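Participant: Note that the sequence shown covers residues 18 to 117 in the working numbering.
Questions regarding the structure given below will be posed in turn.
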Amino acid sequence: MKMIIIVFNISIQEEVHDAIDKLGVTCYTQWPRLVGKGVSSGPKMDDNVWPGANTALMIVTDDAMADKIMTTIQTIRDEIGTHEGIKAFQLPVEKMTGEI
18 MKMIIIVFNI SIQEEVHDAI DKLGVTCYTQ WPRLVGKGVS SGPKMDDNVW
68 PGANTALMIV TDDAMADKIM TTIQTIRDEI GTHEGIKAFQ LPVEKMTGEI
């Protein structure tokens, strides 16, 4: 099992949700509003000086779907460039209560 964390600018939220819906992802956790600073996208602090904010999705899934998600997010990143900001991280899941 893998955990995929996708952090992205809220301005592309619809595109990201559409992409994971097309893959058949039905379960995820979303953090609705995050602030921070990226290397290429700059600060997004949700204030007057550094407007904008990010959001994040966490998806726990099998290895095959994790590969599909990572490929899809890379495609989105390639298409929009780094200006809007989207990045995915893949982590191993060693244990989990319940089932996916």
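We put the beta carbon where it would ideally sit given N, CA and C, even for glycine.
Just so we're clear, the structure is a prediction, and the values are computed from it rather than from any experiment.
From this set, V52, K54, T72, E96, which residue's C-alpha is nearest Y45's C-alpha?
Facilitator: Y45 has its Cα closest to that of T72, out of V52, K54, T72, E96.
Participant: Looking at V42 and I90, is the spacing between their C-beta atoms short of 9 Å?
Facilitator: Contact: no.
Participant: Mind checking which residues open and close the beta strand (DSSP E) that includes K39?
Facilitator: That residue, K39, is in no beta strand (DSSP E); its alpha helix (DSSP H) goes 30 to 40.
Participant: For the beta strand (DSSP E) that M75 lies in, which residues bound it at each end?
Facilitator: Counting along the chain, the beta strand (DSSP E) containing M75 begins and ends at 71 to 78.
Participant: For K61, count neighbouring Cβ atoms within 10 angstroms of its own Cβ and tell me buried if that reaches 16, exposed if not.
Facilitator: Buried: at least 16 other Cβ atoms inside 10 Å.
Participant: Within 10 angstroms of its Cβ, does F25 collect 16 or more other Cβ (buried), or is it exposed?
Facilitator: So F25 counts as buried.
Participant: Candidates V56, I37, G55: which alpha carbon is nearest Q47's?
Facilitator: Checking every option, the nearest Cα to that of Q47 belongs to I37.
Participant: With distances taken from CA atoms, which of I76, K85, V52, E101 is nearest L108?
Facilitator: Ranking the options by Cα distance to L108, first place goes to I76.
Participant: Under a Cβ-count criterion, where at least 16 other Cβ atoms within 10 Å of its own Cβ denotes burial, should T78 be classed as buried or exposed?
Facilitator: So T78 ends up on the buried side.
Participant: Between E96 and I29, what straight-line distance do the alpha-carbon atoms span, to the nearest angstrom?
Facilitator: Spanning the two alpha carbons is a distance of roughly 12 Å.
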